[in-house]
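Residue numbers for the sequence shown, in the working numbering: 58 to 530.
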Amino acid sequence: MVQGDFSPGYVFVAPYQNIRPAPFIYDKFGNLVWDGYGSVGSSNAHDFKVCSYHGSDHLCYSQVNQALGYGIGQALILDNNYQVVASSGTSGNVPPADMHEFQLLNDGETAIHTSYQPIPYDLSAYGVTYGLGWLLQGVFQEVNVTSGEVLFEWFSTNHVDISETQIKPNSTDVSGNGLTPTTAFDYFHINSIDKSSASLHYLVSSRHTSTIYLVSSVDRSIIWRLSSVGQSDFRCDGFNFTFQHDARFVQETDTQTVISIFDNASNGFAKSSEESSGMVIMLDLTTMTAYLQAQTFFPRAGGILSTSQGNTQVMANGNTFHGWGNWAYVSEHNATGDAVFFAALATNQVMNYRAYSLNWTSTPCCTVPEVYSYSQNTTAPSRIYVSWNGATTVAKWNFYGSDQIGNAFALIGSANKAGFETSFTADKYYPWVRVEAIANDGTSLRNSSFQPTFVPSPALVGACSLEGCTMTV
58 MVQGDFSPGY VFVAPYQNIR PAPFIYDKFG NLVWDGYGSV GSSNAHDFKV
108 CSYHGSDHLC YSQVNQALGY GIGQALILDN NYQVVASSGT SGNVPPADMH
158 EFQLLNDGET AIHTSYQPIP YDLSAYGVTY GLGWLLQGVF QEVNVTSGEV
208 LFEWFSTNHV DISETQIKPN STDVSGNGLT PTTAFDYFHI NSIDKSSASL
258 HYLVSSRHTS TIYLVSSVDR SIIWRLSSVG QSDFRCDGFN FTFQHDARFV
308 QETDTQTVIS IFDNASNGFA KSSEESSGMV IMLDLTTMTA YLQAQTFFPR
358 AGGILSTSQG NTQVMANGNT FHGWGNWAYV SEHNATGDAV FFAALATNQV
408 MNYRAYSLNW TSTPCCTVPE VYSYSQNTTA PSRIYVSWNG ATTVAKWNFY
458 GSDQIGNAFA LIGSANKAGF ETSFTADKYY PWVRVEAIAN DGTSLRNSSF
508 QPTFVPSPAL VGACSLEGCT MTV
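Structure follows, in structure tokens:
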């Protein structure tokens, strides 16, 4: 982990594959803040972030079952007590919501979703000649979160010809062979949507055409294309990108549009560069020229080539925050590109779709601090461990002890909160304990339940120390 002049906020990630999948919140010192496994179960979570819903900060993520390069599921909205308050998904005659985009708009009145739809298609140009093949088209909708009404929808095959694709059937791990609905040829691979707050048009990223499209919110037509390898209305001045993810509006004027992308530069089978990077691109709408304003690289010698997923978050202070896709790393960089924060979620074979640095506050209403009290024997001091999953407002813990549960509990000490779990050693053995969470201003936030102190049996004591007992596995 690298630490420097990083921005305030927590790290939001949702790793999956060869790991227990869940949304997680960490602080920038590597301490766990919230483990959301109980909210997801066996499904994968993706694009976990803070979102605005009905006037306050909430949490949003997609909950899906993985298919070939896409997902099938729904999106969830959680309040600051980590309780699900709403769900959203696609409507009408399209498959369920995919994980590539879930974005709340208009304070949660509407939401954008992506979907992957297999359709019969003439793939004879690709050798499928004994009948119609199957094409996977990219779909996105803007829907009313409450009613599910479709306010806008767009289908890639109505506007982007199959000739724009940069891949062939059966050429990558997610391309599909085009022979069945479940292995449909994914010529487009829609992977991000962003709606302009100025023009209300949609910025659409297609991985498999290596193109970013501006789609009209009026008639669904393509206003312009940006690509360095395919059809493009802009000339890319001295830079290129391919197989990109996470195209976002950064700034717009009448003559310029600034966007950010994560340039994968590879799909694992072809590459346009030796390393992936975050990019900020200025589009001159007068000269129709695209200029690279900023580029951020992986903060280790040799860089990294992320062959799928990844994102670039442009922060209010000018820093950028990146998730490195199929490599489970996250980093924050200052305006000159230097890394001020770097962390590894895992070493390999674990993926994380996107990562964010965001502010978040929670004092969960429906849970209490979890406490475990231990003494090696009845003459040894009690060792007390406390944590409160998801709580961000705790500054200190007060510890109380009693000889009997029916007797009064006396204050036996205090300790500043130290990471996810704080430990405290009492002056003696206490058969019963409870712990009180204290805020920065001294306010009492919540009491734990009364907890008995565990004392190992004589047969087990040899496997136990003053801090606790070893586990069998």
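For every residue, glycine included, the Cβ atom is placed at its ideal position computed from N, Cα and C. If you're wondering where the values come from, they're calculated on a predicted model, not measured in any experiment.
query, result
"Beta-carbon contacts of Val-151 that lie in its chain and below 6 Å, excluding the five residues immediately before and after", "Ser-172, Gln-174 and Val-196"
"Endpoints, the alpha helix (DSSP H) within which His-96 is located", "It is worth fixing the name first, because residue 96 is Ser in this sequence and not His. That run of the alpha helix (DSSP H) goes 94-97."
"Host beta strand (DSSP E) of Gly-335 (start-end)", "334-341"
"Residue of Leu-415, Ala-448, Tyr-457 and Ser-330 minimising C-alpha distance to Ala-496", "Ala-448"
"Any 3 or more C-beta pairs closer than 8 Å across the segment 374-385 and the segment 356-363", "yes"
"Burial state of Val-530, where buried means 16 or more other Cβ atoms lie within 10 Å", "exposed"
"Rounded C-alpha distance that separates Glu-427 from Ala-475", "15 Å"
"Alpha carbon of Ala-465 to alpha carbon of Val-492, nearest angstrom", "14 Å"
"Whole-angstrom distance between Met-372 and Trp-211, CA atom to CA atom", "29 Å"
"Selection from Cys-108, Tyr-410, Ala-124 and Arg-77 that minimises the alpha carbon distance to Pro-238", "Ala-124"
"Residue environment, Tyr-118, which counts as buried when at least 16 other CB atoms sit within 10 Å", "buried"
"Cut-off 8 Å between Cβ atoms - residues of its own chain near Arg-77, not counting five sequence neighbours on either side", "Tyr-94"
"Cutoff 6 Å; reference Asn-138; Cβ partners in own chain excluding five residues on either side", "Pro-421, Cys-422 and Cys-423"
"Start-to-end residues for the beta strand (DSSP E) that takes in Ser-113", "113-123"
"Separation of Ile-316 from Gln-350, as counted between CA atoms", "10 Å"
"Three-pair Cβ contact test at 8 Å for the segment 220-227 versus the segment 161-168", "no"
"Distance CB(Ser-249)-CB(Asp-320) smaller than 8 Å", "no"
"Complete beta strand (DSSP E) runs within the segment 260-337 (minimum length 3 residues, chain order)", "268-272, 279-283, 292-294, 302-309 and 313-320"
"Bridge partners - Pro-175, DSSP secondary structure assignment", "Leu-193"
"Short Cβ contact (8 Å threshold) for Leu-257 with Ser-278", "no"
"Nearest candidate by alpha-carbon position, reference Ile-280, set Leu-342, Gln-140 and Asn-473", "Leu-342"
"Helix, strand or coil at Ala-520 according to DSSP, with G and I counted as helix", "helix"
"Collapsed DSSP secondary structure at Asn-504 in the structure displayed", "strand"
"Cut-off 8 Å between Cβ atoms - residues of its own chain near Ser-323, not counting five sequence neighbours on either side", "Thr-299, Phe-300, Ser-329, Ser-330, Ser-333, Leu-362, Ser-363 and Thr-364"
"DSSP three-state assignment for Ile-134, whether helix, strand or coil", "strand"
"Residues near Asn-297 by beta carbon distance below 6 Å, same chain, minus five either side", "Ser-285 and Ser-329"
"Extent of the continuous beta strand (DSSP E) run through Phe-354", "346-354"
"Three CB pairs or more closer than 8 Å across the segment 402-417 and the segment 480-487", "no"
"Assigned exposure category for Ser-388 - 16 Cβ within 10 Å defines buried", "buried"
"Nearest residue (CA-CA) to His-216, options Ser-204, Phe-245 and Asn-201", "Phe-245"
"Asp-104, DSSP secondary structure in three states", "strand"
"Assigned secondary structure, Ile-82 (DSSP; H/G/I helix, E/B strand, else coil)", "strand"
"DSSP state of Ala-182 mapped onto helix, strand, coil", "helix"
"Segments of 4+ residues assigned as alpha helix (DSSP H) that fall wholly inside the segment 405-432", "none"
"Sequence-distant residues of its chain with Cβ nearer than 7 Å to Asp-243 (five each side left out)", "Gly-126, Leu-193, Val-231, Ser-232, Gly-233 and His-265"
"Rounded C-alpha distance that separates Ala-437 from Val-90", "31 Å"
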